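Participant: My questions will all concern the structure given below.
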Amino acid sequence: MKKLGLLVRLEAKAGKEKSVEEFIKSALPLANEEAGTITWYAFRIDASTFGIFDTFSDEEGREAHLGGKIAKALMENAAELLAAAPKIEPINILAAK
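For the sequence shown, the positions run -16 to 80 when the working numbering is used.
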């Protein structure tokens, strides 16, 4: 059951929009490897703003994701690709279909 989530906003540096898009799309195979990640979505909000939304059944799954390969790769590439640090917000899911 989806109880917890993460909402991540990423603001691309000018001229790095395509690179950010490709980076987050390339993370899907890594998300598929994570047993504790129930759902994982990468999306675009506007020309330079992107996001990731994922869900978890428990805190252990969420913490494993935060310490996993996607988060590590994001932080390693943040200075090159992003205009600001990623905004990572833990959320509690109230209802889901």
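Heads up, the beta-carbon is just placed ideally off N, CA and C, and yes, glycines get one too.
Fair warning: this is a prediction, and the values are worked out from it, not measured in the lab.
Do Ala25 and Ala10 have their beta-carbon atoms positioned less than 8 Å apart in this structure?
Facilitator: Working through the sequence shown from its first residue, we reach residue 10 at position 27. Working through the sequence shown from its first residue, we reach residue 25 at position 42. Result yes, Cβ atoms of Ala10 and Ala25 sit closer than 8 Å.
Participant: For Leu88, count the other beta carbons within 10 Å of its own beta carbon; 16 or more makes it buried, fewer makes it exposed. Which is it?
Facilitator: Look at the range of the chain in this structure, -16 to 80, and you will see that residue 88 is not part of it.
Participant: List the endpoints of the continuous alpha helix (DSSP H) containing Lys55.
Facilitator: For the purposes of this step, residue 55 is identified with residue 72 of the sequence shown, where counting begins at 1. That run of the alpha helix (DSSP H) goes 52 to 64.
Participant: Three-state secondary structure (DSSP) at Lys70?
Facilitator: Here residue 70 refers to the residue found at position 87 when the sequence shown is read from its first residue. In the structure shown, Lys70 sits in a strand (DSSP, three-state: E or B).
Participant: Work out the CA separation of Lys1 and Leu(-13) for me, nearest whole Å.
Facilitator: Walking along the sequence shown from the start, residue -13 turns up at place 4. Walking along the sequence shown from the start, residue 1 turns up at place 18. Whole-angstrom Cα-Cα distance: 30 Å.
Participant: Should Gly44 and Thr20 be called a contact, given that it needs their Cβ atoms to be closer than 8 Å?
Facilitator: The sequence position of residue 44 within the sequence shown is 61, counting from 1. The sequence position of residue 20 within the sequence shown is 37, counting from 1. Taking 8 Å as the Cβ cut-off, Gly44 and Thr20 qualify as a contacting pair.
Participant: Out of Phe6, Asp29, Ile53, Glu(-6), point me to the one whose CA is closest to Leu65's CA.
Facilitator: Position 82 of the sequence shown holds residue 65. Leu65 has its Cα closest to that of Glu(-6), out of Phe6, Asp29, Ile53, Glu(-6).
Participant: Would the beta-carbon of Leu(-11) fall within 8 Å of that of Ile74?
Facilitator: Translated into the one-based positions of the sequence shown, residue -11 becomes position 6. Translated into the one-based positions of the sequence shown, residue 74 becomes position 91. Result yes, Cβ atoms of Leu(-11) and Ile74 sit closer than 8 Å.
Participant: Note down, in chain order, each residue of its chain lying with its Cβ closer than 7 Å to the Cβ of Ala67, except the 5 sequence neighbours on either side.
Facilitator: Looking up residue 67 in the sequence shown gives position 84. Taken in chain order, the residues that qualify are Glu(-6).
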